[in-house]
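Going down the list, the sequences are from chains A and B. Counting along the first sequence from 1, when you hit position 196 you're at 201 in this note's numbering, and nothing is skipped either side. Counting along the second sequence from 1, when you hit position 146 you're at 151 in this note's numbering, and nothing is skipped either side. In what follows, a single structure is set out as structure tokens and then discussed.
Number of protein chains: 2
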Amino acid sequence: MRDIFHEELESITADHLKMTALVRDAISTATSALLTSDLALAEKVIADDLAIDLIQQALDERTVNIMARQQPVASDLRRLVSSLRISADLERMGDLAHHVAKLARLRYPNKAVPAELVEVISEMGAAALRILEKMAVVIEFRDTTRALEVEIDDDEMDKLQRRLLSTILGPEWDQPVECAVDMAFASRYYERFSDHAVSIARRVYYTETGEYSPRS
Amino acid sequence: MRDIFHEELESITADHLKMTALVRDAISTATSALLTSDLALAEKVIADDLAIDLIQQALDERTVNIMARQQPVASDLRRLVSSLRISADLERMGDLAHHVAKLARLRYPNKAVPAELVEVISEMGAAALRILEKMAVVIEFRDTTRALEVEIDDDEMDKLQRRLLSTILGPEWDQPVECAVDMAFASRYYERFSDHAVSIARRVYYTETGEYSPRS
């Protein structure tokens, strides 16, 4: 019984990693679509989001079934409840990549990102990938040291958002309002994306140590 | 055993209603703070958000304990899992009210809302309250008809957001970029607030009928 249960936990982790890989593709492709005004890339992210949603739905069904069959208590039950939350965060990260792609599509064939924001948007995309890499290690190896590092990367993302907003609101900004609003929303999507990764890292930290992470 | 279990379910519902009432105060006060540049009101919403977070934390602890003790299966288990998600949505709605209040504080003593957007922001605030009223009935009476109505109110909120954005992006807009960005974010907070209410309504619909709501 215990062995089957642990195999089931591993299969949940495998699905979380599969979702993480899809979310990684999604945010990476969405960032390229936004930076290069590539409609085909944007459409790909928008279409692929359904795959992430479907994995989540099936995984959550299975997780609740495991609860019902195995009747876990204490830490095993907490681990399953935390799994449901992790898959909800991953699904939402997919949605946010989808939102970035939709901005690219909305402005096509024009460029959504003006020259003065190309660098900061590229850096936000790169920060998202760094965060996902650490988050994958946290999910796979229940690595609490890496879990704390995700919070530091999130600080970096917040800084990038502030940099983007101060460019938009600065004296040299000469783009139309539409562009300012698009870019403000884009920065919000990356920032929220990163918040969900922090939320996952904190849940793993809590499940593993029984304590809230020092920064939560 | 069953009786204690059903009492416990009722106490979860009572906490959801308590959270709903606090979220209602928060969004209502935050809207006033934003419209009237009232710093004291904004600070109140920001400080009160902690109370919502604490109820959620305690409630989630208790819900997991009920799962461990009662070992529910089938629909009872699904109901508890759904409760955890409802409290997460309510907590997030509190955060979004908090974000609206922070916009008011950020621009104080200036008005955050320019004259041409006062009406649409008031309407978004009113729409949020209408949605919360229906959502409270959905939570308290597991009312699936009202659950479907929440989705219609959400369409109204989406329309209001489009109206706000088209004013900002329209030819008559003559406010600074900062104001456009603030108002775009405000509209996003109301729109997301409404989305979380839809998510709660859909969960209740699903738990009660065993089917996804026709629009999900």
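A virtual CB, placed ideally from N, CA and C, is assigned to each residue, including glycine.
Rounded separation between Ala-109(A) and Glu-48(A) - CA only:
9 Å
May I have the straight-line CA-CA distance separating Met-188(A) from Val-182(B), to the nearest angstrom?
For Met-188(A) and Val-182(B), the distance between alpha carbons rounds to 12 Å.
Anything in chain A within Cβ reach of Ala-79(B), meaning under 9 Å, just list it in chain order.
Within chain A, the residues near Ala-79(B) are Ala-73.
Name the residue from Leu-95(A), Lys-116(A), Tyr-217(A) whose alpha carbon lies nearest to the alpha carbon of Gln-180(A).
Nearest option by C-alpha distance: Lys-116(A).
Verify the CB distance criterion: does Phe-190(B) have a CB-CB separation below 8 Å to chain A?
yes
Would you identify the three-state DSSP class for Arg-147(A), choosing helix, strand or coil?
coil
contact_flag[the segment 141-158 of chain A, the segment 205-220 of chain A] where n(CB pairs < 8 Å) is 3 or more
yes
I need the DSSP call for Ala-206(B), collapsed to helix, strand or coil.
helix
Tell me whether the segment 13-32 of chain B and the segment 59-69 of chain B touch, counting them as touching only if at least three CB pairs, one residue from each stretch, are closer than 8 Å.
yes
Chain E contact residues for Val-69(A), given Cβ-Cβ distances below 7 Å:
Structure shown: chain E not included; protein chains present are A and B.
Does chain B have any CB closer than 8 Å to the CB of Gln-61(A)?
no
Burial state of Ser-199(B) (16 or more Cβ within 10 Å)
Sixteen is the threshold: when 16 or more other Cβ atoms of the shown chains lie within 10 Å of the Cβ of Ser-199(B), as they do, the residue is buried.
Proximity winner among Ile-51(B), Glu-216(B), Pro-219(B), relative to Leu-111(B) (alpha-carbon distances)
Ile-51(B)
Should Pro-219(B) go down as buried or exposed, given a rule of 16 or more other Cβ atoms within 10 Å for buried?
exposed
Which of helix, strand or coil DSSP assigns to Tyr-113(A):
The answer is coil: DSSP assigns Tyr-113(A) none of H, G, I, E or B.
Taking 8 Å as the CB-CB cut-off, is Val-186(A) touching chain B?
yes
Collapsed DSSP secondary structure at Gly-130(B) in the structure displayed:
helix
By the DSSP assignment, the alpha helix (DSSP H) with Arg-67(B) in it spans what residues?
44-75
Once you ignore the five residues that flank His-201(B) on each side, which residues in its own chain have a CB closer than 7 Å to its CB?
Residues Asp-94, Arg-97, Met-98 of the same chain have their beta carbon placed closer than 7 Å to that of His-201(B), with the five preceding and five following residues left out of the count.
Residues that Val-182(B) contacts on chain A, provided the C-beta gap is smaller than 7 Å:
Ile-173, Leu-174, Trp-178, Val-182, Ala-185
Reducing DSSP to helix, strand and coil, say where Gln-166(A) ends up.
helix
Under 7 Å Cβ-Cβ, which residues of chain B neighbour Leu-108(A)?
In chain order: nothing, as chain B lies at least about 12 Å away.
What residues of chain B sit near Arg-193(A), judged by a beta carbon separation below 8 Å?
Phe-190, Arg-193
Answer with yes or no whether the minimum CB distance from Leu-89(A) to chain B is below 8 Å.
yes
If you draw a straight line from the alpha carbon of Thr-36(A) to that of Leu-14(B), how long is it in whole angstroms?
45 Å
Distance, Cα to Cα, Ile-91(B) vs Glu-177(A)?
45 Å
Give me the chain A residues within the contact set of Gln-76(B), using Cβ-Cβ distance strictly less than 7 Å, ordered along the chain.
Contact of Gln-76(B) with chain A by beta-carbon distance below 7 Å involves Gln-76.
Out of Ala-38(B), Glu-145(B), Arg-135(B), Met-24(B), which has the shortest C-alpha to C-alpha gap to Asp-58(B)?
Met-24(B)
Short check: CB of Thr-214(B) to CB of Arg-83(B), under 8 Å?
no
According to the Cβ coordinates, are Thr-34(B) and Leu-46(B) closer than 8 Å?
yes
In three-state DSSP terms, what is Asp-179(B)?
coil
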